[in-house]
Amino acid sequence: MVRYEILGSLEVIHEGRICTPTPPKVRTVLALLVMRANRVVLVDSIIRELWGDDPARSAVTTVQTYIYHLRKLFAKEGIETPERTVLESRARGYLLRVEPGQLDAEVFETLLDQGRTHIESDRPEEGAEVLRRALAMWTGPVGANVTFGPALEAHAIHLQEQWIRALELRIQADITLGRHRELIGELRYLVGTYPLNEWFHRQLIVALSRSGRRGEALQAYHHLRRVLSEELGLDPSPDLQRLQREVLAAGAPLRPGLARAS
Numbered sequence: 001m002v003r004y005e006i007l008g009s010l011e012v013i014h015e016g017r018i019c020t021p022t023p024p025k026v027r028t029v030l031a032l033l034v035m036r037a038n039r040v041v042l043v044d045s046i047i048r049e050l051w052g053d054d055p056a057r058s059a060v061t062t063v064q065t066y067i068y069h070l071r072k073l074f075a076k077e078g079i080e081t082p083e084r085t086v087l088e089s090r091a092r093g094y095l096l097r098v099e100p101g102q103l104d105a106e107v108f109e110t111l112l113d114q115g116r117t118h119i120e121s122d123r124p125e126e127g128a129e130v131l132r133r134a135l136a137m138w139t140g141p142v143g144a145n146v147t148f149g150p151a152l153e154a155h156a157i158h159l160q161e162q163w164i165r166a167l168e169l170r171i172q173a174d175i176t177l178g179r180h181r182e183l184i185g186e187l188r189y190l191v192g193t194y195p196l197n198e199w200f201h202r203q204l205i206v207a208l209s210r211s212g213r214r215g216e217a218l219q220a221y222h223h224l225r226r227v228l229s230e231e232l233g234l235d236p237s238p239d240l241q242r243l244q245r246e247v248l249a250a251g252a253p254l255r256p257g258l259a260r261a262s
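Residue numbers (full-length UniProt numbering): 1 to 262.
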């Protein structure tokens, strides 16, 4: 079975062989077809992705050439056969036919939905396990070896937001399961990587406080307040301010913060 991977470098894998096209613009065309799997991608959309608002006069012919190279590659690797058409021509564009389980981004989003359902059904252990499987599918930034135009950039942003959502839900499940100490190192890394994400800061404060490290929890709050003030001229949210008061008063916040709503 052929597999298409986009959660990291774009790869086409068939029977254990990597069959990814080498020319950069052919890879961009393939990435667009993969991201819009089973939907028609108009020739105009491909042209805009490759050349923006200043296409070459031969743009349509050049796109046809890129599609020809993809078909030739698919035929050579046995991905497409006389009995099985994978890359279809339509009236004004092309469609890449992808079966369930062949595209990693689709599998990831299915696992994300399953993990969310487990957590909402008060099954945090199952939810955390499913979400770990989902997050393990990522090997790097979306389409790391592809040059993006506007459409691919929008798809990549959507998938990145879904990755953050999966991470939030998995952390939420682990906090519910009392894994505060195990989370501290990961949360320190996340607040360093996403310094304006208050949710990650909140979970770090919760994890530190529940691990008996109240002083460090308060330091984490003051660090967040300084970052928000310097970067945005803002104070922490009312929820974070309440959390600080809980830590000061009791040394252990009463409730973990929920991941933000979808």
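For each residue, glycine too, the CB sits at the ideal point set by N, CA and C.
Note that the structure is predicted; figures quoted are calculated from it, not measured.
What are the boundary residues of the beta strand (DSSP E) that Gly-140 is part of? Translated into the one-based positions of the sequence shown, residue 140 becomes position 140. Careful: Gly-140 lies outside any beta strand (DSSP E) and carries neither H nor E.
What are the residues that DSSP puts in a beta bridge with Arg-84? Numbered from 1 along the sequence shown, position 84 holds the residue referred to as residue 84. BP columns for Arg-84 point to Thr-81.
With a cut-off of 8 Å, do at least 3 Cβ pairs link the segment 152-160 to the segment 28-36? A contact exists between the segment 152-160 and the segment 28-36.
Three-pair Cβ contact test at 8 Å for the segment 108-126 versus the segment 9-26: No: the two stretches stay apart, fewer than three of their Cβ pairs being nearer than 8 Å.
Other residues of its chain near Val-142: CB distance less than 7 Å, five sequence neighbours each side excluded: For the purposes of this step, residue 142 is taken as residue 142 along the sequence shown, with counting starting at 1. If we look at Val-142 and ignore the five residues flanking it on each side, its Cβ neighbours are Ile-6, Leu-7, Ala-156, Leu-159 and Gln-160.
Give a single yes or no on whether Arg-213 has its beta carbon closer than 7 Å to a heavy atom of the ligand ATP. As for the ligand ATP, it is missing from this structure, which has no ligand bound.
Could you please give the first and the last residue of the uninterrupted alpha helix (DSSP H) stretch that includes Ile-175? Position 175 of the sequence shown, counted from the start, is the residue given in the question as residue 175. Residues 150-176.
I think Phe-74 touches Glu-80, with their Cβ atoms under 8 Å apart; what is that distance to the nearest whole Å? The residue given as residue 74 occupies position 74 in the sequence shown. The residue given as residue 80 occupies position 80 in the sequence shown. Indeed, because the Cβ distance is near 4 Å, the residues count as touching under 8 Å.
Local Cβ density within 10 Å of Asp-174, reported as buried at 16 or more and exposed below that: For the purposes of this step, residue 174 is taken as the residue at position 174 of the sequence shown. With at least 16 other beta carbons inside 10 angstroms of its own, Asp-174 counts as buried.
Beta-carbon separation (whole angstroms), Arg-165 vs Leu-135, contact threshold 8 Å: Sequence index remark: in the sequence shown, residue 165 carries index 165 (1-based). Sequence index remark: in the sequence shown, residue 135 carries index 135 (1-based). Not really, about 11 Å apart at Cβ, beyond 8 Å.
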